[in-house]
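These notes are about the structure you will find just below.
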Amino acid sequence: VFLANLLMQAYGKCGSAHESRRVFHTIDSLARPNLFSWTILLTANAQNGDLAAAKEVFDKMPHRDVVTWTALIGACARACHVVEAESLLSRIPATDAIAWSSMIVAYSLAGDIPLARNLFESLGQERDVVAETAMLHAYALAGYLREARELFDAMAAKNEISWSAMLGGLADRSLMDEAAALLDRMPQHDLVCWTAMLLGYARKGDLDRAKALFDHIPERDLVCWTAMVEAAAGRVELEIAAAVFDRMPARNVVSWTAMVAALGQELRVDEARLLFDAMPEHDTISRNAMLFGLGKMGRVEESKAMFDVMSDRSMVSWTAMLAIFGRMGQLDRAEGVFDRMPKRDVVSWTALVTLYIQDGQMEAAKAAYDRMPQAD
RNA sequence: CCGGGAGGAGCGGGAGA
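Residue numbers (our numbering): 8 to 383.
Written out as structure tokens, the structure reads:
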């Protein structure tokens with residue numbers, strides 16, 4: 008069981024929740040899975056983005072402890088299910104610093120800075136570097152860089168993660184002078200910092216600095232290479248991006264998608280398609296990228312074919328398809344998509360209303376608007 | 001010391017900018 012647990016965890020970490028489940032069932036048939044096995048399985052599902060599966064594991068487990076509870080809270084946080092996370096936290100038999108930090112993350116990802124801050128400031132003993140860094144990151148994500156900086160400067164203990172969270176916040180907003188000053192003061196640099204800096208320069212349009220940094224750093228990993236592709240894709244002529252892509256020592260679905268999306272944006276959809284078809288694997292995001300590329304060119308039937316093949320459509324896919332039909336003036340087909348959507352959100356509702364307005368159907372627009380749930 | 005919390009990469013989803 009001990010070794011099998013390790014194996015399960017390894018699979019979970021590299022995103023193979025399916026393999027983790029298989030190992031679990033093997034354990035289950037030969038021996039008795041222990042609390043660790045169950046929790047690892049829960050986490051593997053959660054990391055795969057499958058909250059439902061994680062909850063199922065939680066419910067099926069014979070025993071649970073703080074770690075189990077917290078693992079599920081973390082899963083809810085990642086899925087932005089704040090209410091559920093709160094409810095778990097209120098029912099948890101014992102809390103610890105990790106549980107509270109997870110809740111800060113939940114608020115942060117849901118964009119609720121006031122709640123995150125309230126919770127953070129109510130922490131006593133549990134306020135550790137991780138909680139502080141989580142709060143710092145929350146501020147940075149929300150664009151509250153002053154608050155982030157104040158917190159950062161006040162932190163007694165900083166580790167490399169706190170430093171790069173601060174650096175990333177600045178670079179994200181392309182505040183590169185401040186970011187560079189911070190980088191100089193950092194005790195040590197790593198790939199995370201370099202990649203954040205690189206993207207910051209690129210976002211500012213300073214591809215030369217980005218490239219110089221990329222060439223200068225002692226090591227590069229897949230994330231860093233992909234960031235460089237993305238950085239170079241900011242240029243209209245994609246030859247630099249393509250050259251970087253070609254030189255990559257290894258690629259994954261993210262790097263392929265970055266290139267496909269870049270081609271699609273520049274209306275080079277046939278090249279995008281070639282690349283897409285050459286990809287070793289696809290996922291929702293890569294298929295969406297291809298869908299946009301086709302849709303942007305007004306290739307409705309090809310878009311629809313792509314959409315129909317997708318078994319894992321997200322809200323983004325549905326709304327994109329809706330908008331593609333709409334832009335081509337095929338209102339009835341757009342309505343059909345809307346009616347078949349498994350879920351709707353503000354964006355899809357607005358898309359529908361806008362379609363009607365652009366088509367001059369003001370009563371239909373009004374009716375749709377009135378049908379919109381209050382929450383949206 | 002087999003499990004849970006914080007930092008870097010991919011989608012022009014609607015409207016807006």
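Quick reminder that beta carbons are idealized off the backbone N, C-alpha and C, glycines included.
The beta carbon of ALA187 is closer than 8 Å to those of MET204 in its chain, skipping five residues each way along the sequence. In this structure, MET328 and SER310 form a Cβ contact; the two beta carbons are roughly 7 Å apart against a cut-off of 8 Å. In the structure shown, TYR146 falls within a helical segment according to DSSP collapsed to helix, strand and coil. Taking the Cα positions, ASP119 is about 9 Å away from ALA113. One alpha carbon belongs to ALA217, the other to MET183, and they sit about 11 Å apart.
Using a Cβ distance threshold of 8 Å, VAL74 and ALA117 do not count as a contacting pair.
The alpha-carbon of ASP57 is positioned some 28 Å away from that of GLY176. In this structure, DSSP gives THR50 a helical state, which the three-state scheme calls helix. Taken through DSSP and simplified to helix, strand or coil, CYS200 comes out as helix. In its chain, beyond the 5 residues on either side, ALA92, SER109, MET110, VAL112, ALA113 and LEU116 have a beta carbon closer than 8 Å to the beta carbon of ALA84. Distances from the CA of SER293 to each of MET304, THR326, GLY271 and GLU308 were compared; the closest alpha carbon is that of GLY271. Per the coordinates, the alpha-carbon of PHE43 lies some 11 Å from the alpha-carbon of PHE31. A straight line joining the alpha-carbon of ALA101 with that of VAL260 spans about 40 Å. One alpha carbon belongs to ILE47, the other to LEU95, and they sit about 18 Å apart. One thing to note: ASP179 has its Cβ no nearer than 8 Å to the Cβ of ALA141.
The shortest CA-to-CA distance from VAL137 to any of LEU49, GLU154 and SER169 is the one to SER169. Excluding residues up to 5 positions away in sequence, TRP325, MET328, LEU329 and PHE332 lie with their Cβ nearer than 7 Å to the Cβ of VAL344 in the same chain.
Counting only residues of its own chain and dropping the five nearest sequence neighbours on each side, GLU273 has a CB closer than 8 Å to the CB of VAL243 and LEU245. For the options PRO256, GLU133 and LYS303, the alpha carbon positioned closest to that of ALA269 is the one of LYS303.
About 6 Å separates the beta carbons of THR233 and ALA265, which is inside the 8 Å limit, making them a contact pair. When the alpha-carbon of VAL353 is set against those of ILE224, PRO225 and ALA375, the nearest one is in ALA375. For GLU278, the enclosing alpha helix (DSSP H) starts and ends at 276-285. Residue ranges of uninterrupted beta strand (DSSP E) with 3 or more members are absent from the segment 154-204; none lies entirely inside it.
Here the alpha carbons of ASP339 and LYS20 stand approximately 44 Å from one another. LEU229 places its beta carbon 8 Å or farther from that of ALA209.
DSSP places LYS62 in the uninterrupted alpha helix (DSSP H) bounded by 58-67.
The Cβ neighbour count for HIS144, taken over all protein chains shown within 10 Å, is at least 16; the residue is labelled buried. Judged by DSSP secondary structure, ASN125 falls within the alpha helix (DSSP H) whose first and last residues are 120-129. Pairing GLU133 with ALA104 gives a Cβ-Cβ distance under 8 Å. Counting only residues of its own chain and dropping the five nearest sequence neighbours on each side, ALA164 has a CB closer than 7 Å to the CB of VAL136.
Taking each of THR291, PHE299 and LEU158 in turn and checking the Cα distance to ASP319, the smallest one comes out for THR291.
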